[in-house]
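Asker: In order, the protein sequences belong to chains A and B. Numbered according to the working numbering, the first sequence spans residues 1 to 109. Numbered according to the working numbering, the second sequence spans residues 1001 to 1118. Note that beta-carbon positions come from the ideal geometry of N, C-alpha and C, so glycine has one too.
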Amino acid sequence: DAKTTQPTSMDCAEGRAANLPCNHSTISGNEYVYWYRQIHSQGPQYIIHGLKNNETNEMASLIITEDRKSSTLILPHATLRDTAVYYCIVSLGDDKIIFGKGTRLHILP
Amino acid sequence: NAGVTQTPKFRVLKTGQSMTLLCAQDMNHEYMYWYRQDPGMGLRLIHYSVGEGTTAKGEVPDGYNVSRLKKQNFLLGLESAAPSQTSVYFCASSPWVEPSASSYNEQFFGPGTRLTVL
């Protein structure tokens, strides 16, 4: 599986859009980009994933660059409950996924 | 549905003791996984299973064994616990779906087991 690079931490004001970047320059053509988040002491929670196209669901949007070497997770209106560690993962998706250290997102009131 | 459950929630062991962690899922998922998480670290995959009767090694399999005798259960065993195995253990499961499906390899996690080895 390809490795990813994420900032260690980020701050975002409550009510604003949170944009979390991820670099995955060695991604292969059939690997997906997944995002999970982990709220303190809980198990991780799936957010969204994509292959080539941008994706949106009720939680977030995923923007993948045309060369697929980077992506951005967007939380459109961040709330205090979005404070968590966000993991960007690339994977073939057929079995295992490998978590890195993620980005610790702080939502500021 | 209870989703993914883990037993026990907390456990303290002495070095050299053995124990088994139980993960159960009621979603009829094909795949199941065991992870460990140490302070300030992301999750690391220990072992996983792609179906009943199958197991495979993840990133950090040494010191652990697993079994998947029933589809709904995935057991993680520590034969001789060591202080380095003090960690929070998470179990997860995911369904088999077509790669084009919106839920492709979405993993559902349990609440975790906090294990301390003295």
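Below 8 Å between beta carbons: does that hold for B/A1002 and B/N1073?
Answerer: Not in contact: B/A1002 and B/N1073 (Cβ atoms no closer than 8 Å).
Asker: Check for me: the beta strand (DSSP E) holding B/W1096 runs from which residue to which?
Answerer: First-last for B/W1096: undefined, no H or E at that position.
Asker: Can you list the residues of chain A that B/Y1033 reaches, using a CB-CB cut of under 8 Å?
Answerer: The answer, in chain order, is K96.
Asker: Quick one: Cα of B/R1036 to Cα of B/G1051, how far?
Answerer: Cα to Cα, B/R1036 sits roughly 21 Å from B/G1051.
Asker: Can you give me the C-alpha to C-alpha distance between A/E14 and A/R104, rounded to a whole angstrom?
Answerer: Answer to the nearest angstrom: the Cα atoms are 15 Å apart.
Asker: Does any CB atom of chain A fall closer than 8 Å to the CB of B/L1115?
Answerer: It does not; no Cβ of chain A falls within 8 Å.
Asker: Which runs of the beta strand (DSSP E) spanning at least 3 residues fall entirely within the segment 1008-1077 of chain B, listed in chain order?
Answerer: For the segment 1008-1077 of chain B, whole beta strand (DSSP E) runs of length 3 or above, ordered along the chain, are 1010-1013, 1019-1025, 1031-1037, 1043-1049, 1065-1067.
Asker: For B/M1019 and A/E66, what's the separation of their Cα atoms in angstroms?
Answerer: For B/M1019 and A/E66, the distance between alpha carbons rounds to 49 Å.
Asker: Express the C-alpha separation of A/L108 and A/T80 in angstroms, rounding to a whole number.
Answerer: The sequence given here places Leu at residue 80 of chain A; Thr does not occur at that position. When rounded, the distance between both Cα atoms is 7 Å.
Asker: Within its chain, find whatever has a CB closer than 6 Å to the CB of B/W1096; leave out the 5 residues flanking it on each side and keep chain order.
Answerer: Correct list, in chain order: E1030.
Asker: Quick one: what does DSSP say A/D82 is sitting in, helix, strand or coil?
Answerer: Of the three classes helix, strand and coil, the one that applies to A/D82 here is helix, per DSSP.
Asker: State the beta-bridge partners of A/A18 as determined by DSSP.
Answerer: DSSP, once it has assigned bridges, lists A/L75 as partnering A/A18.
Asker: From the DSSP secondary-structure annotation, give me the bridge partner or partners of A/I27.
Answerer: In the DSSP output, where bridge partners are listed per residue, A/I27 has none listed.
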